[in-house]
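Q:
2 protein chains.
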Amino acid sequence: MTDAETTVGELSEGQVLRGILERLPVSSAPVGPGDDAAVLAVPDGRVVATTDTLVHGPDFRLAWSSAVDLGYKSAAVNLSDVAAMGARPIALLVALAMPDDTPLSFVHGLADGLARACAELAPGCAVEGGDLTVSDTLTIAVTALGSLDGRDPVLRSGARPGDAVHVIGDLGVAARGLDVLFSRFVDTAGAPIPVTPEARAALSREDAEALDRQLRPRPPIGAALAAADAGATAMMDVSDGLALDAERLADASGVTIAFDSDALGDDPVSTLAGGEDHGFLVTFPGGTVGLGRRVGTVAERGEVAITVDGRPWTGRTGWDPYRDWDAGRG
Amino acid sequence: MTDAETTVGELSEGQVLRGILERLPVSSAPVGPGDDAAVLAVPDGRVVATTDTLVHGPDFRLAWSSAVDLGYKSAAVNLSDVAAMGARPIALLVALAMPDDTPLSFVHGLADGLARACAELAPGCAVEGGDLTVSDTLTIAVTALGSLDGRDPVLRSGARPGDAVHVIGDLGVAARGLDVLFSRFVDTAGAPIPVTPEARAALSREDAEALDRQLRPRPPIGAALAAADAGATAMMDVSDGLALDAERLADASGVTIAFDSDALGDDPVSTLAGGEDHGFLVTFPGGTVGLGRRVGTVAERGEVAITVDGRPWTGRTGWDPYRDWDAGRG
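Those sequence lines, one after another, are chains A and B. Under our numbering, the residues of the first sequence are numbered 1 to 330, in order. Under our numbering, the residues of the second sequence are numbered 331 to 660, in order.
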């Protein structure tokens, strides 16, 4: 019997776990996986912690995302939240809830994706704990922990009038990738159809890259830490949409963020509403040479949280899981 | 419209979140909920981290568990894992994935249960982060973090021949509660029927207490920390079954755990297989006055991991989510 034929329901929890553990990065923690809990070193006595979940349905379609993609993305979206505080990711804890007919090969793909994301995005970060359970709905709940290494945490609330507003990382690329999926990888009834290597090869280079970024976001973790070191006054992960996330940062800081549409690319409307790039929205004191690209300026708080070219933004701002999911899955 | 009639699908994520946050313990963390991640103080530079998930179906029936019960249990099962390392729980992160027809009042009950568990079991511990998403399957994924406060972590691997084997906390009580549910709260077709206050009042005092412990486990966190301070050589949370968990501890330590059936209550067979008490299995050096009740002795590793009255244990050892779930839900 091959991995592809074996399902998790045919195995014990311990057997499933062994296949996962052997694929994960080697732990260098004081106490790694296998005990009641892990023990991790955070030399300055502060730990940064965040959690984010991918659920089959609202967060992904199995026709579009491979197991490796899902493992990668579930790590990436959490690593970016840790880095957005100015912290170095040190550990992931992964709770997997899977239908019992899930192929073992799929679980191994998830583990490979987790390992690859750690290696590519946050070397030294490892999966230090987790939980396996059965569920009718495939659910990947990840917690990421980080070490500030003596830095002050960079909060959403630190932006001050006169600061420059920058974005580090992609802007609108993941949203374009989502458009590619919904326009090129659905059948006439709107149901998702698989992203085969052949179909992918037929895409333009730009569309293929956008698709890749949608399925495997690549937050520039090192650049976020460099931004913290360079004096960033506020920072956050851009996950739900640039406009929506900028509103949150503006509200937390009691300021207005004034975007310059010229800096938002060819399609500012899509760029403002597009999420999932997992780049970083950062403010730097005026006069600082910031990282990334400048997209606007922090102003005194006006009537609205964000403006574009001086006018209130009335377009779409981003994604809300309760309002926006169409109940599709596949 | 009352809370009970409103469902999460009718609200934005922010609206759902507000109702949760106002029910949770007040954060005293350097950075509490609301930013990309929380920042928590762990003065000795080490953080203990664990994650455990409750999934509708394998882990609970909505006919039997109230929202408060589920919030309480999802916290308790994680707090016990932190304490089993000899660490003081300082924070929970809670990822809730809920069907969009979940009543808002249910979500508030979950928050109340989380708050109550923190207050009763681990005062000072607060919910410092989380995530809300939609799912077809109600899923509560909790991560707990703890501070060792200068203690050495107490591992599973530290038991040595000659140590005394103790259990701190309940033993077999939660399993008896599960028996009460499956014998008294199912209809003739075996489907779960609600645990009403009237039906509960009709139970014997012992059955009512067992039911309460099954629905709201009460790990004695303070006693686990006291055991660490008293020189425990190994410790673990008893979650899946005393025999199964003892096998794990014995294997990790390279020893055999020799139970004495006289110490296992009136029904040693059930006690050995029963899980979910979330008490602690602890070994103390011979001659130490240990905490809890003595249930056996650590022996040199023999052919098997555990014995009862000197004979290998061939009965049921505990619960495995992949092998043992009968696909029932309700």
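All residues carry an ideal CB built from backbone N, CA and C; glycine is no exception.
Among Gly507(B), Ile470(B), Ala367(B), Leu422(B), which has the Cα closest to the Cα of Pro89(A)?
A: When each option's Cα is compared against that of Pro89(A), the closest is Ala367(B).
Q: With contact counted as at least three CB pairs below 8 Å, one residue from each stretch, are the stretch 246-255 of chain A and the stretch 190-205 of chain A in contact?
A: Counting Cβ pairs under 8 Å, fewer than three are found: no touch.
Q: Could you pull the DSSP bridge partners for Met566(B) from this structure?
A: Per DSSP, Leu611(B).
Q: Is there contact here, the stretch 338-348 of chain B with the stretch 277-296 of chain A, by at least three beta-carbon pairs under 8 Å?
A: No: fewer than three Cβ pairs fall under 8 Å.
Q: Provide the residue span of the beta strand (DSSP E) that contains Glu128(A), from first to last.
A: Looking at the DSSP string, the run of the beta strand (DSSP E) that includes Glu128(A) is 126-134.
Q: Say whether the stretch 175-187 of chain A touches the stretch 295-313 of chain A, bearing in mind that this needs 3 or more beta-carbon pairs closer than 8 Å, one atom from each stretch.
A: No: fewer than three Cβ pairs fall under 8 Å.
Q: Using the three-state DSSP reduction, which class does Val690(B) fall into: helix, strand or coil?
A: In the structure as shown, chain B begins at 331 and stops at 660. Residue 690(B) is therefore absent and cannot be evaluated.
Q: What did DSSP end up calling Thr618(B) once you bin it into helix, strand or coil?
A: Coil, per DSSP.
Q: Identify the contact partners of Thr51(A) in chain E, using a Cβ-Cβ distance below 7 Å as the criterion.
A: Note that chain E does not occur in the displayed structure, where the protein chains are A and B.
Q: With distances taken from CA atoms, which of Asp44(A), Ala159(A), Gly14(A), Val154(A) is nearest Val255(A)?
A: Minimum Cα distance to Val255(A) is reached at Ala159(A).
Q: Look up Val165(A) in the DSSP assignment and give the residues it is bridged to.
A: Note: Val165(A) sits in a beta bridge opposite Thr283(A), Gly296(A).
Q: What residue range is occupied by the uninterrupted alpha helix (DSSP H) comprising Phe512(B)?
A: Where Phe512(B) is concerned, the enclosing alpha helix (DSSP H) stretches over 503-514.
Q: Once DSSP output is grouped into helix, strand and coil, what is the label at Leu92(A)?
A: Of the three classes helix, strand and coil, the one that applies to Leu92(A) here is strand, per DSSP.
Q: Output, in sequence order along the chain, the residues in the stretch 41-74 of chain A whose CB is closer than 9 Å to any CB in chain B.
A: Going along the stretch 41-74 of chain A in chain order, one finds Ala41, Val42, Pro43, Asp44, Gly45, Arg46, Val47, Val48, Ala49, Thr50, Thr51, Asp52, Thr53, Leu54, Val55, His56, Gly57, Pro58, Asp59 with a Cβ nearer than 9 Å to chain B.
Q: Compare the C-beta of Pro483(B) with all C-beta atoms of chain A and state if any pair is closer than 8 Å.
A: Yes - at least one Cβ of chain A is within 8 Å of the one on Pro483(B).
Q: Is Ala63(A) closer than 8 Å to Pro194(A) when the C-beta atoms are compared?
A: Yes, the pair counts as a contact, with Cβ atoms nearer than the cut-off.
Q: Roughly how many angstroms lie between the CA atoms of Asp607(B) and Leu272(A), to the nearest whole one?
A: The straight-line gap from Cα to Cα measures roughly 51 Å.
Q: Find the residues of chain A that neighbour Asp466(B), judging by a C-beta separation of less than 7 Å, and give them in chain order.
A: By Cβ distance, chain A contributes Gly57, Asp136, Thr137.
Q: Residue ranges of each alpha helix (DSSP H) run of no fewer than 4 residues wholly in the stretch 337-385 of chain B, ordered along the chain?
A: With a minimum length of 4 residues, the continuous alpha helix (DSSP H) runs that stay inside the stretch 337-385 of chain B are 343-351.
Q: I'd like to know whether the C-beta of Pro30(A) is nearer than 8 Å to at least one C-beta of chain B.
A: Yes, Pro30(A) lies at the interface with chain B (some Cβ there is under 8 Å from its Cβ).
Q: Using a Cβ-Cβ cutoff of 9 Å, what residues of the stretch 485-507 of chain B are near chain A? List them in chain order.
A: Those would be Leu485, Arg486, Ser487, in chain order.
Q: Would you report the Cα separation of Leu354(B) and Gly476(B), rounded to the nearest angstrom?
A: Their Cα atoms are separated by approximately 18 Å.
Q: If we ignore side chains and look at the alpha-carbon of each, how far apart do Met232(A) and Thr473(B) end up?
A: First, the amino acid is wrong: residue 232(A) is Ala here, not Met. Approximately 29 Å between the Cα atoms of the pair.
Q: Just grab the DSSP bridge partners of Pro312(A) for me.
A: Its beta-bridge partners are Thr307(A).
Q: Determine the contact status of Ser135(A) and Gly604(B), defining contact as a CB-CB distance below 8 Å.
A: The answer is no: Cβ separation not under 8 Å.
Q: Give the residues of chain B in contact with Asp309(A), contact being defined as C-beta atoms less than 8 Å apart.
A: Simply none; closest approach about 27 Å.
Q: Taking just the CA atoms, how far does Asp262(A) sit from Val68(A)?
A: Straight-line Cα distance between these residues: approximately 37 Å.
Q: Compare the beta carbon distance of Ala226(A) and Leu291(A) with 8 Å and say whether it is the shorter of the two.
A: Going by C-beta atoms, Ala226(A) is nearer than 8 Å to Leu291(A).
Q: Which residue or residues does DSSP assign as beta-bridge partners of Ala144(A)?
A: Per DSSP, Thr50(A), Leu92(A).
Q: What in chain A is Cβ-close to Asp567(B), meaning under 7 Å?
A: What Asp567(B) touches in chain A: Asp36.
Q: Is the shortest distance between the beta-carbon of Ala447(B) and the beta-carbons of chain A less than 8 Å?
A: For Ala447(B), the answer is no, since every Cβ of chain A falls outside 8 Å of its Cβ.
Q: Give the DSSP-derived three-state secondary structure of Val82(A) in the structure shown.
A: Here Val82(A) sits in helix by DSSP.
Q: Does Met1(A) come within less than 8 Å of chain B when only Cβ atoms are used?
A: Low per-residue confidence applies at Met1(A): pLDDT is 45, beneath 50, and the placement is therefore not dependable, though the value from the model is reported in the following sentence. No, Met1(A) lies away from the interface with chain B (no Cβ there is under 8 Å from its Cβ).
Q: Assuming Thr381(B) and Ala95(A) make a contact with CB atoms under 8 Å, what is their CB distance in whole Å?
A: The Cβ separation is near 5 Å, so the contact holds.
Q: Buried or exposed, going by whether 16 or more other CB atoms sit within 10 Å of the CB of Phe512(B)?
A: It is exposed - the Cβ of Phe512(B) has fewer than 16 other Cβ atoms within 10 Å.
Q: Pull up the DSSP beta-bridge partners for Phe589(B), would you.
A: Beta-bridge pairing links Phe589(B) to Gly626(B), Val638(B).
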